[in-house]
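Just below is one structure, and these are the notes that go with it.
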Amino acid sequence: MDIEKKINSLREELQQHNYNYYVLDKPQISDYEFDVKMEELQKLEEEHPEFKDENSPTQRVGGAVTKNFATVQHEYRMYSLSNSYSKEELEDWEKRIRKVIDGKVEYVCELKYDGASISLTYENGILQKAVTRGDGFQGDDVTNNVKTIRSVPLKLKDDYPVKFHIRGEIVLPYEGFAKMNAERVDVGEEPYANPRNTASGSLKLQDSAEVARRPLECLLYSIVGKDVNVSSQFEGLEKAKNWGFKVPAQSELKDSIDEVLDYINYWDQHRHDLPYETDGVVVKVNNFHQQEELGHTAKSPRWAMAYKFKAEQESTKLKKITYQVGRTGAITPVANLEPVQLAGTVVKRASLHNADQIEKLDVREGDTVFVEKGGEIIPKIVGVDFTKRDPDSSPTQYATHCPECGSELIRNEGEAQHYCPNTTGCPPQIIGRIQHYISRKAMDIEGLGGETVALLVNADLIENYADLYTLKKEDILPLERMAQKSAENLINGIEKSKEIPFERVLFALGIRYVGETVAKKLAKHFKSIDALMAASEEELINLDEIGERIAWSVVDFFKTEANVQNVQRLKEYGVQLEISAEKLANQTNILEGNTFVISGVFEKVSRNELKKLIEDNGGKVSSSISSKTNYLVAGDNMGPSKLAKAEKLGTNIISEDDFLKMLE
Ligand code: AMP
Ligand code: ZN
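Given below as structure tokens:
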């Protein structure tokens, strides 16, 4: 088949599957099949750059970096909404509408999604621009970042208007938010406070590839433009759906404020069943002519009204503050509560984050506290009912020693979290670190789960991840529930982990603040654990996107003798602690734009190897010297005529060693 046709049909197919999955929530093929098709397209596009298309589904992975976001004027202003909090306020609003409009008024009820508002501009069915609300008159151009959000169509379907704007909200669903936070906690970072701020923060990240990794969604709610051929809000929602936008299904058309109130009451009860955060209902006059008649105040349309839900809050007694120790030694204070019903679930524990938070709220054991369910899965304490405080109570003394091992806790300057420094002797840290090491994104050791790790540690068979490689089948067979077959699988899985590439090993080591992305960067730059271990803090800080905190943490990690020993042992067992030669060569383009001629015999590498090195690093090899030759790599016994020609043309003549240095 014609390649271009093939590429286009794959794009269309993938676009449709994207739509089924992200917009309709009705995937028609498995993730695996999707990935296979995506890879096929990626490969074809790489082989045929002439058919490049910025709006291809492959472009969702991001990569564009924005240093400064350009300011863009909104062609149509982005207004705020007036707020109301009661039935009476809504009825007053209706009375004001009635003074302007005779005849029937219909209302559209929508949920008020809690995220970051966005305005998308489409021309000829292609996404042109995505701009934040800003001050309503102008916002930031965040197009590169928004393009990575799977539910934002890059190309539209059906009969869309030639040019229009569509507005909506970028949200981070609870599930994705919880996952992101679990990963952060896993590398010792502080979790994000709530989905809303994380969503709006994501839009302003410089690296769009990072945005692509965040499970953001875009929910659309309003079409704006001159020739859009839409006459009402509800019709607009329907059409937007057909053009390929994600329009939440909960929007409904209502005939009266009484019906609107029913809708509000229903969603006040059921909003927690939705996958993302909502903080109210937006009621809009449906008919666009009527909207026009009603017009705007200085800040908001008169034809729309937000009804804000009351935050779900309960008060209960704080029985005790306990402390949890994570795998990096980070301490998290936990409030143990008198069980209380909140948003449909019974809450017994709430996070207190850190010492500062406890001090700020002045929370004490025995207090009656207000608990709220925000975006987090774990609810949080938002305040103390001081009227109920025992007058004899005294301020909370934050833990000074680790509850698990008794070591004195430390807190580094500028950090909110306390840490247990006993990395090698504190049980949850020992177990947690090994669990992290074997986890899927790290060494992905098949046949070994978190529970088994705890068993192995408690049976004194291992105390660090290097010990895994000394395990024998006979050692583990006596363990509870360990059959012959599973013991074999475990040993095989450990053996196989020796093939895991360096960047993942680096992540698996569990250096605080070194998550997957940072590990990749460090691996790519330093290429071996030895080089990384030799790096100074300054050297690390000078790397792109490596801040002081990470630099300090890396250096600190290798200051600990036990860590160095483990690394040394892993090396001996054959774990990948440098980028393999093959991969190394494949990775650079430092010689790009340079043409080399090789002549003579070499000591360290063969001519063929030399040739491969040049090509693998982006350079070109040519057989004869011309004005286009940049370098002549000269070995022993080189032909005199070549040398003469090179000298005449002024070509750089370099030795084998000079060349190898260029690759460093
Ligand atoms: P406020 O920020 O309180 O003035 O509320 C206005 C904001 O609510 C808008 O800028 C939108 O970002 C957001 N919003 C969320 N859901 C909707 C919706 N269904 N219709 C209109 N605006 C919405
Ligand atoms: Zn401890």
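To get my numbering, take the position in the sequence shown, counting from 1, and add 134.
Heads up, the beta-carbon is just placed ideally off N, CA and C, and yes, glycines get one too.
If only complete runs of 4 or more residues are kept, the region 150 to 199 shows the alpha helix (DSSP H) at 165 to 181, in order along the chain. Using a 10 angstroms sphere on the CB of Val-280, the tally of other CB atoms reaches 16 or more, which defines it as buried. Positions of the alpha helix (DSSP H) runs, each at least 4 residues long and wholly inside the region 468 to 543, are given as 489 to 495 in order along the chain.
When the beta-carbon positions are compared, Asp-274 and Thr-282 stay at least 7 Å from each other. Taking the Cβ atoms as the reference, Val-459 lies roughly 6 Å from Cys-536, within the contact range of under 8 Å. In the three-state scheme derived from DSSP, where H, G and I count as helix and E and B as strand, Gln-702 is classed as helix.
Boundaries around Thr-651 are those of the alpha helix (DSSP H), 650 to 660, since no beta strand (DSSP E) includes it.
In the DSSP secondary-structure assignment, Leu-766 is bridged to Val-731 and Ile-787. At a cut-off of 6 Å, the beta-carbon of Glu-303 counts as near the ligand AMP: some heavy atom of the ligand is closer than that. The region 237 to 253 makes contact with the region 404 to 418, as at least three CB pairs between them are under 8 Å. Residue pairing from DSSP places Cys-352 in a beta bridge opposite Ile-304.
A Cβ closer than 6 Å to some heavy atom of the ligand ZN marks a residue here, and those residues are Val-459, Cys-536, Glu-538, Cys-539, Ser-541, Cys-554, Asn-556 and Cys-560.
DSSP, reduced to helix, strand and coil, places Asp-609 within a helical segment of the structure shown. Under the three-state reduction of DSSP, Phe-379 is assigned to coil, being neither helix nor strand. Annotation: Ile-235 to Leu-428 spans about 8 Å, alpha carbon to alpha carbon. Contact between the region 626 to 638 and the region 566 to 579 is established, with three or more Cβ pairs separated by less than 8 Å.
At least one heavy atom of the ligand AMP lies less than 6 Å from the C-beta of Tyr-247. For Ala-438, the uninterrupted beta strand (DSSP E) segment begins and ends at 438 to 442. If you look at Ser-449, you'll find it in the beta strand (DSSP E) that goes 447 to 459. Approximately 6 Å separates the beta-carbon atoms of Tyr-256 and Leu-290; this is inside 8 Å, confirming the contact.
Under the DSSP assignment, Gln-272 falls in the beta strand (DSSP E) whose first and last residues are 272 to 274.
Contact check for Asn-152 against Lys-160 fails: the beta carbons are separated by 7 Å or more. Nearest in C-alpha terms to His-406, of all of Gly-584, Arg-741 and Lys-444, is Lys-444.
Look at the region 203 to 230 and you find these whole runs of beta strand (DSSP E), each 3 residues long or longer: 205 to 207.
Nearest Cα to Tyr-571 within the set Val-321, Lys-177 and Glu-303: Val-321.
Contact between Lys-451 and Thr-502 holds: CB atoms are separated by about 6 Å, below the 8 Å threshold.
Taken through DSSP and simplified to helix, strand or coil, Asp-792 comes out as helix. Rounded to whole angstroms, the Cβ separation of Asp-770 and Val-735 is 5 Å, and the two are in contact under 8 Å. Around the beta-carbon of Ser-366, 16 or more other beta-carbon atoms lie within 10 Å, marking it buried. Taking non-hydrogen atoms of the ligand AMP into account, the C-beta of Val-416 is found less than 6 Å away from one of them.
If you check the CB distance, Pro-287 and Gly-378 come in under 7 Å.
Each residue's CA atom was taken as its position, placing Ala-593 and Val-755 some 59 Å apart. With a contact defined as Cβ atoms closer than 8 Å, Leu-797 and Leu-744 miss out at about 11 Å. Shown here, His-552 sits in coil according to DSSP, grouped into three states, outside any helix or strand. A direct Cα-to-Cα measurement between Ile-787 and Val-157 gives close to 60 Å. The beta carbons of Lys-607 and Ile-628 sit no closer together than 7 Å.
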